[in-house]
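Peer 1: 36 is the number that numbering that gives the first Met the number 0 gives to position 37 of the sequence shown; each next residue is one higher, with no gaps.
Think of the CB as a built atom: it goes at the ideal place given N, C-alpha and C, for glycine as much as any other residue.
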Amino acid sequence: MADDPTTSGLRADADERERAPRGKRGGAGFALLGAALVAAAGWWWWSHDDSGREAAPTVADAPAAAPAPAPPVADAGPRYPLQEPSPAQPFGSGDIAGALTALLGQAAVATFLHVDDFPRRVVATVDNLGRAHAPPALWPVVPTPGRFTVEAGADGEAIAARNAQRYAPFVRMVAGIDAARAAALYRQAYPLLQQAYRDQGFGDRYFNDRLVEVIDLLLATPEPASAPQVQLTQVKGPIAPERPWVRYEFADPRLESLSAGQKMLVRMGPENARQLRRKLAEFRAQVATAAAGSR
0 MADDPTTSGL RADADERERA PRGKRGGAGF ALLGAALVAA AGWWWWSHDD
50 SGREAAPTVA DAPAAAPAPA PPVADAGPRY PLQEPSPAQP FGSGDIAGAL
100 TALLGQAAVA TFLHVDDFPR RVVATVDNLG RAHAPPALWP VVPTPGRFTV
150 EAGADGEAIA ARNAQRYAPF VRMVAGIDAA RAAALYRQAY PLLQQAYRDQ
200 GFGDRYFNDR LVEVIDLLLA TPEPASAPQV QLTQVKGPIA PERPWVRYEF
250 ADPRLESLSA GQKMLVRMGP ENARQLRRKL AEFRAQVATA AAGSR
């Protein structure tokens, strides 16, 4: 399974850009402030650069991972119901690129997002954030540039501090989003997302409930005291892999056991993760009004 790019939290961005079709770039602000936003920031493929290694700090133990939330019960009704959008303001899939451009600007849309088949990308990505694996084919965000680098130390290799710089432009863009405006757009486009969620096989389950569950999981992501150590996954067999850099995983079993969404927050660096968690908390406050009797 080591050669399957969906089976580990540590992979190579450059290789993904070579394999995945680009499609039309774009998206909508509600995805950025949903769990898909954070997932995209951390899931970008990693490439190992043997030429640059630095002394690695000692890695402190991370807290035990919180279990992934259970799927909502289909017939219990929404736990976090959204206000229905006004019929006077219909929102179709063709409105997505324009809505995001109005919220984020054309440059951000062109740089960071995919808009083709956007509702399906969002619901699939959000759901997978709370699971062990998150296949990249449906990410709503394009891969980040640059290569993954490690630091060599006495106890092994750790994530290089400079990797955080690769995510900084995306994080700055997200940090500048008005959560209230993004939530208003999310509510307006929600019928499209709910239908896409049904089409993915979730029946009558309520997508916003799953979004809030995954956001809560991401907000509970542990923060290691220093750079996490990584190691190459061992491949059993007589044929050595041509690209060993795509096989990195966390050395700490507790970090490796985190959900896909939590792993990406850990590997993008503590300051980037804090900024994204703050924005997620703001967005959650806008969309997570509990139904009467649900608590």
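Compare the Cα-Cα distances from ARG186 to each of THR288, ARG78, ALA290, GLU83 and report the closest residue.
Peer 2: Residue numbering aside, residue 186 sits at position 187 when the sequence shown is read from its first letter. Closest option to ARG186, Cα to Cα, is GLU83.
Peer 1: So which of LEU102, ARG204, ILE95 has the shortest CA-CA distance to ARG120?
Peer 2: As a working note, residue 120 is residue 121 in the sequence shown. Checked all of LEU102, ARG204, ILE95; the closest Cα to ARG120 is ILE95.
Peer 1: Measuring CB to CB, does VAL213 end up less than 8 Å from ALA287?
Peer 2: Residue 213 sits at position 214 when you count from the first residue of the sequence shown. Residue 287 sits at position 288 when you count from the first residue of the sequence shown. The answer is no: Cβ separation not under 8 Å.
Peer 1: Roughly how many angstroms lie between the CA atoms of ARG276 and LEU99, to the nearest whole one?
Peer 2: To locate residue 276, count along the sequence shown from 1; it is residue 277. To locate residue 99, count along the sequence shown from 1; it is residue 100. Cα to Cα, the separation comes out at about 21 Å.
Peer 1: List the DSSP bridge partners of PHE249.
Peer 2: Locating residue 249 in the sequence shown gives position 250, counting from the first residue. VAL229.
Peer 1: Give the straight-line distance between the Cα atoms of GLY152 and GLY91, rounded to the nearest whole angstrom.
Peer 2: The residue you call residue 152 lines up with position 153 of the sequence shown. The residue you call residue 91 lines up with position 92 of the sequence shown. Their Cα atoms are separated by approximately 53 Å.
Peer 1: Taking the straight line between their C-alpha atoms, what separation do you get for ALA157 and ALA136?
Peer 2: The residue given as residue 157 occupies position 158 in the sequence shown. The residue given as residue 136 occupies position 137 in the sequence shown. Those two C-alpha atoms are separated by around 28 Å.
Peer 1: Please confirm if the segment 266-285 is in contact with the segment 158-176, defined as three or more CB-CB distances below 8 Å between the two stretches.
Peer 2: A contact exists between the segment 266-285 and the segment 158-176.
Peer 1: Classify PRO259: buried if its beta carbon has 16 or more other beta carbons within 10 angstroms, exposed otherwise.
Peer 2: Numbered from 1 along the sequence shown, position 260 holds the residue referred to as residue 259. A small fix is needed here, since residue 259 is Ala in this sequence, not Pro. Burial call: buried.
Peer 1: Taking the beta carbon of PRO227 as the centre, do at least 16 other beta carbons fall within 10 Å, making it buried, or is it exposed?
Peer 2: Taking the first residue of the sequence shown as 1, we reach residue 227 at position 228. Under this definition PRO227 is a buried residue.
Peer 1: For GLU150, which three-state DSSP category applies?
Peer 2: One-based indexing of the sequence shown puts residue 150 at position 151. Note: GLU150 maps to strand in three-state DSSP.
Peer 1: Counting pairs of Cβ atoms below 8 Å between the segment 105-122 and the segment 185-199, do you hit three or more?
Peer 2: Short answer: they touch.
Peer 1: Which parts of the segment 111-141 are runs of the alpha helix (DSSP H), unbroken and 4 residues or longer, counting only runs that do not cross its ends?
Peer 2: Segments of the alpha helix (DSSP H) lying fully in the segment 111-141: 117-128.
Peer 1: Can you round the beta-carbon distance between GLN285 and ALA179 to whole angstroms, since I take them to be within the 8 Å contact cut?
Peer 2: Taking the first residue of the sequence shown as 1, we reach residue 285 at position 286. Taking the first residue of the sequence shown as 1, we reach residue 179 at position 180. Confirmed, Cβ separation roughly 6 Å.
Peer 1: Please state the DSSP three-state secondary structure of ALA174.
Peer 2: Locating residue 174 in the sequence shown gives position 175, where the first residue counts as 1. Note: ALA174 maps to helix in three-state DSSP.
Peer 1: Are PRO80 and ALA224 closer than 8 Å when you measure CB to CB?
Peer 2: One-based indexing of the sequence shown puts residue 80 at position 81. One-based indexing of the sequence shown puts residue 224 at position 225. No. Outside cutoff.
Peer 1: Which residue's Cα is closest to the Cα of ASP115: LEU102, PRO139, GLN105, ALA109?
Peer 2: The count along the sequence shown starts at 1 and reaches residue 115 at position 116. Of the candidates LEU102, PRO139, GLN105, ALA109, the one whose C-alpha sits nearest the C-alpha of ASP115 is PRO139.
Peer 1: Take ALA272 and list the residues in its own chain whose beta-carbon comes closer than 6 Å to its own, dropping the five residues that flank it on each side.
Peer 2: Taking the sequence shown and counting its residues from 1, the one referred to as residue 272 is at position 273. So the list reads LEU264, once near-sequence residues are dropped.
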